[in-house]
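Data block below; observations after.
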Amino acid sequence: MTHAAITGWGKCLPPAVLSNADLATFLDTTDEWITSRTGIRERRISHVPLGELAYVASRRALAAAALEPREVELIVFGTCSHDDQVPNMASGLQCRIGAEGCAAMDLNTACTSFLYGLSTATAMIRSGVVSNALVVGAELISPFMDWTDRNVAVLFGDGAAAVVLQATERPEGVLAELLGCSGESREILRVHGMGGAYVNKGRPYGEVSWQFEGQEIFRKAVHGMSHACEAALGKAKLEPPEIDLVVPHQANLRIIEAVAKRARVPMERVYVNVQRYGNMSSATVPVALCEALEGGRIRPGSLLLTPAFGGGLSYCAQVLRWGERTHPLGSSDAELPPCDRSALEIVRDVLEAKRRPA
Ligand code: ACO
């Protein structure tokens with residue numbers, strides 16, 4: 001049977017850091033509140049468009065796999081914060097990296113987009129449609145953030161990461177998964193202003209407000225992720241003690257702890273970086289995978305579990321087996337252009353631009 005091993009990985013985090021103390025300069029909040037309720041201490045704010053973050057992450061992932069861009073057969077670009085809807089993000093990435101002619105699609109299930117993309121690309125490799133794929137999770141939330149709303153502005157950050165999948169006969173990559181969605185709860189997380197539904201209401205695209213029932217999202221997230229973990233483990237015929245590392249969606253430390261407790265996995269076997277990046281939506285899991293590899297937390301043959309949830313409310317969990325190689329085959333010289341503004345200055349510019357009449 002054909003499987004889809006992860007053979008390359010790369011991340012791109014914009015350099016500008018927005019601390020909790022920075023947020024407290026323009027929002028009625030405190031470092032103590034944010035840290036104790038979410039675990040988040042800082043997040044990144046991008047000075048470049050989404051496509052640029054994805055490009056750098058993708059070049060790094062391809063170099064790590066030693067796969068030439070022209071050999072790429074499929075790009076799945078997971079995001080909910082597109083620079084453009086038409087043409088899609090994946091076609092722009094295809095041109096930028098030089099993967100001429102390959103299949104290229106965007107996929108949006110909010111924070112689970114990367115993992116839905118991982119399962120989609122894996123299925124296409126298993127069924128022989130393609131023999132490799134570049135799967136991206138990238139988000140530029142900051143331009144779509146309502147920086148006047150302390151309920152949501154403290155939670156999110158920008159970032160990107162990508163992985164390369166390649167066909168193999170070894171049982172590696174995604175072994176089992178559960179993908180799901182509680183569509184009846186979709187109204188508890190809605191970003192007003194991000195679609196055609198708002199065009200006739202006189203609201204310019206991108207002028208947003210967030211409908212966000214934090215406690216209800218919290219409950220649904222824990223329930224959906226726990227259900228997905230149990231189902232994915234059951235399909236893989238594995239028990240929680242056999243999992244070497246849980247790499248969960250990073251939205252809130254308390255959500256991660258609740259899911260780990262229900263899954264009966266001790267926190268020592270859970271990768272957490274939410275304190276440094278906040279919720280980067282679809283980018284959280286691939287960035288965490290990259291960092292877990294860099295830090296030696298993923299070893300040859302490691303079994304991983306990746307629970308996640310997102311707007312929709314989508315949820316999923318994958319059981320993955322890592323291959324023999326945990327180091328990159330090569331590195332890329334791709335870098336972001338230098339950033340000459342602080343994160344606070346970038347956020348203030350977003351606020352100012354929205355206050356100015358178009
Ligand atoms: N600073 C200070 N006070 C705040 C802040 C803030 N940033 N935000 C809210 N508060 C206040 C509230 O106004 C409320 O005040 P009140 O009691 O006077 O009304 C109080 O703090 C308590 O608010 P709660 O909502 O009860 O706080 P809770 O402990 O539930 O934490 C939180 C809120 C962090 C949002 C939590 O519910 C959560 O993490 N939920 C999950 C949200 C999430 O991760 N979503 C990601 C999905 S996004 C996607 O998929 C695209």
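Following my numbering, the numbering of the sequence shown begins with 1 at its first residue and continues without gaps. Beta carbons: idealized from backbone N, C-alpha and C, even for Gly. Quantities reported herein were computed from a predicted structural model and do not represent experimental measurements.
* **7 Å Cβ shell around Leu179 - same chain, five flanking residues per side excluded** => Once the five neighbours on either side are set aside, the close Cβ partners of Leu179 are Tyr116, Ser119 and Cys316.
* Asked: With 16 as the cutoff for other CB atoms within 10 Å, does Ala153 come out buried or exposed?
  -> Buried, by the Cβ-count rule.
* To do: At 4 residues or longer, and completely inside the segment 2–44: list those alpha helix (DSSP H) runs for me, N to C.
  => Those alpha helix (DSSP H) runs which fall completely within the segment 2–44 and span 4+ residues are 20–23 and 31–38.
* Asked: Do Val76 and Leu107 come within 9 Å of each other at the CB atom, strictly closer than that value?
  -> Using a Cβ distance threshold of 9 Å, Leu107 and Val76 count as a contacting pair.
* **Inter-residue Cα distance where the pair is Ala176 and Phe218** => Taking the straight line joining both Cα atoms gives about 25 Å.
* Heavy atom of the ligand ACO less than 8 Å from the Cβ of Cys80, yes or no? -> Yes, the beta carbon of Cys80 sits closer than 8 Å to at least one heavy atom of the ligand ACO.
* Asked: Would a C-beta distance cut-off of 9 Å place Ile45 and Leu18 closer than the cut-off?
  -> Contact: yes.
* What runs of the beta strand (DSSP E), each 3 residues or longer, lie entirely inside the segment 107–149? -> For the segment 107–149, the full-length beta strand (DSSP E) segments reaching 3 residues or more read 132–139 along the chain.
* Should His327 be labelled buried (16 or more other beta-carbon atoms within 10 Å of its own) or exposed? -> The residue in question, His327, is exposed, as its Cβ has fewer than 16 Cβ neighbours within 10 Å.
* To do: Using only alpha-carbon positions, find the residue among Gln85, Val272, Thr168 and Asp31 that is nearest to Ala133.
  => Of Gln85, Val272, Thr168 and Asp31, the residue nearest in Cα terms is Thr168.
* To do: Measure the Cβ-Cβ separation of Ala54 and Cys12 and say whether it is below 9 Å.
  => Cβ atoms of Ala54 and Cys12: closer than 9 Å.
* To do: Could you spell out the range, first to last residue, of the beta strand (DSSP E) harbouring Arg321?
  => Note, Arg321: beta strand (DSSP E), Ser314 to Arg321.
* Three-way DSSP call (helix, strand, coil) for Ser342 in this model -> Reduced to three states, the DSSP call for Ser342 is coil.
* Asn151, buried or exposed, once every other Cβ within 10 Å from all chains shown has been counted against 16 -> Asn151 should be labelled exposed.
* Of all the options Thr306, Glu216, Asp149 and Ser91, which has the alpha carbon lying nearest to the alpha carbon of Pro240? -> When C-alpha distances from Pro240 are compared across Thr306, Glu216, Asp149 and Ser91, the shortest belongs to Thr306.
* Could you give the C-beta distance for Phe309 and Met225, rounded to a whole number, given that I count them as a contact under 8 Å? -> So it is a contact: roughly 5 Å between Cβ atoms.
* Asked: Can you name the start and end residues of the beta strand (DSSP E) that Leu74 belongs to?
  -> In the DSSP assignment, Leu74 falls within the beta strand (DSSP E) that extends over Leu74 to Gly78.
* To do: Helix, strand or coil for Val208, going by three-state DSSP, please let me know.
  => Coil, per DSSP.
* Asked: If you drop the 5 nearest sequence neighbours on each side, which residues of the same chain put their C-beta closer than 6 Å to that of Thr38?
  -> Around Thr38, the same chain offers Asn252 as residues with beta carbons nearer than 6 Å, after the five sequence neighbours per side are excluded.
* Asked: In three-state DSSP terms, what is Cys181?
  -> When DSSP states are grouped into helix, strand and coil, Cys181 belongs to the strand group.
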